Amino acid sequence: MSNILSVNNYHYRRGGSDVVYLEHAELMETEGWRNAFFSMHHPKNLPTLWSEYFVDEIEFGYAYSLSQKVSMASKVIYSFEAQRKLRRLIKDYRPDVAHLHCIYHHLSPAIIPVLKNEGIPIVMTAHDLKIACPAYKMLNSEGICELCNHGSVWNVIKHRCVRNSLAASAIVAVESGLHRYLDTYRKNMDRVVVPSRFFVEKFVQWGWPREKLVYVPNYVDVTKFEPQFTPGNYFLYFGRLAPEKGVGTLIRAAAKSGVLLKIVGTGPVEAELKTLAAQVGGAIEFLGYRTGSELHDLVRDSRAVVLPSEWYENAPMSVLESYALGKPVIGARIGGIPEMIVDGETGWTFESQNVENLAECLQTVIAADNSMIMSMGQVGRDYVEKNFSRQRYIEAILALYKELGVKG
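Quick note on the working numbering: the sequence shown kicks off at 10 and runs consecutively.
Structure, rendered in structure tokens:
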């Protein structure tokens, strides 16, 4: 029996990467592995015996004193606390492999050389673009940005790439500059698991050696999703309401094409989007935050799910979940989205940010024969069962660990 150490900033289901961190650990335990966690203290954390090793909480946006802010900034750049506590954990629980998820800002990349110096194979799942882009999205207020590839990380400050904040951008620029100088990621990481082929190619463009990158797509346990293939009369968006998600483009396209659109989610531009919907007219409903069976029912009763993204999406779980629920997907041709949609078979693609193109696509889908939509939903369900299954994910991860000399 082998020991795995699962590492992530948050130890609760805060976002998609945190869910993968917890479910990956659970999967390995079902395969007979022992698992330990290394994370940050947080009031919402799931109970675990490993919390005694967790680092103190850093939660941006809280009302901290000046001295606390200075201390937090230093930890973001290089956390000696995380190094110290990780060494203690390693001494008490000898991992055969460490699997990292999101570690920057809270645990900091400083933990990576600690693992390397202990001779522990290190794998990281790239949930975003952080190991290339300092601001992890390749996005600023003006749109897609790759200035730091062959340029200075000080572009992060110039364009205020992190939350449009000068202070936050400055901290991240210093952090990225230091770890770029130390080559913390590339020098110490054994492999990077990448859920989309698009991200693989993007990392290579940014200087990553291809042999360190391993394409392992996300998975869906289809046994937890009951499909409904009968098409509904509305289109559905579910996700965060943020500028890069392209929901404004979708609202304009829905109004232009005269279709019914339902929007599930909350986020920083929610009020702005509601104002836009009122201005353009059309049948657009904001349903707020929904989850679990309530969200599944909304997906099942829709005609198709729409992903109108305007940034480099990785491998959105919403595509796989929609297929599992029996629905075709309309996706923007950007990032990893197009490689998940078989155009004309499991869904349709359109030019990102193009209102006219998306409106035409919506009109085509609403006018299509119900039997065709139903058939595409069935093909999507078969597609996700075959290509994005739990078993395929397990086999790929175990093969990777074995390649690094770790036996199950």
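Just so it is clear, CB atoms sit at the ideal spot from N, CA and C, and this is done for glycine as well.
In this text, all values refer to a predicted model and were calculated from it rather than measured experimentally.
Of the candidates E369, R22, Y243 and A179, the residue whose Cα lies closest to the Cα of R309 is Y243. Taking each of G24, N54 and R261 in turn and checking the Cα distance to H136, the smallest one comes out for G24. Contact between H110 and N197 fails: their C-beta atoms lie close to 16 Å from each other, not under 8 Å. W357 sits in a strand when the DSSP states are folded into three classes. Contact check for A45 against N12 passes: the beta carbons are separated by less than 8 Å. Restricting attention to beta strand (DSSP E) runs no shorter than 3 residues, the segment 25 to 63 encloses them at 43 to 47, ordered along the chain. Between the alpha carbons of L138 and S178 lies a distance of about 16 Å.
Residue pairing by DSSP places N149 opposite G152 in a beta bridge.
According to DSSP, residue pairing for H108 in a beta bridge involves S15 and V132. DSSP places L116 outside both helix and strand once states are collapsed to three, so it counts as coil.
Taking all protein chains in view, the Cβ of F207 is crowded by 16 or more other Cβ atoms within 10 Å, so the residue is classified as buried.
In this structure D27 is buried. Its beta-carbon is surrounded by 16 or more other beta-carbon atoms within 10 angstroms. Using a Cβ distance threshold of 8 Å, V338 and T258 do not count as a contacting pair.
Taking the CA atoms as reference points, Y190 sits about 20 Å from V201. Judged by beta-carbon spacing, G186 lies beyond the 8 Å limit of V171, meaning their Cβ atoms are not closer than that value.
Distance from the CA of G353 to the CA of K271, rounded to the nearest whole angstrom, comes to 23 Å.
The beta carbon of G248 is closer than 7 Å to those of K254, G274 and S327 in its chain, skipping five residues each way along the sequence.
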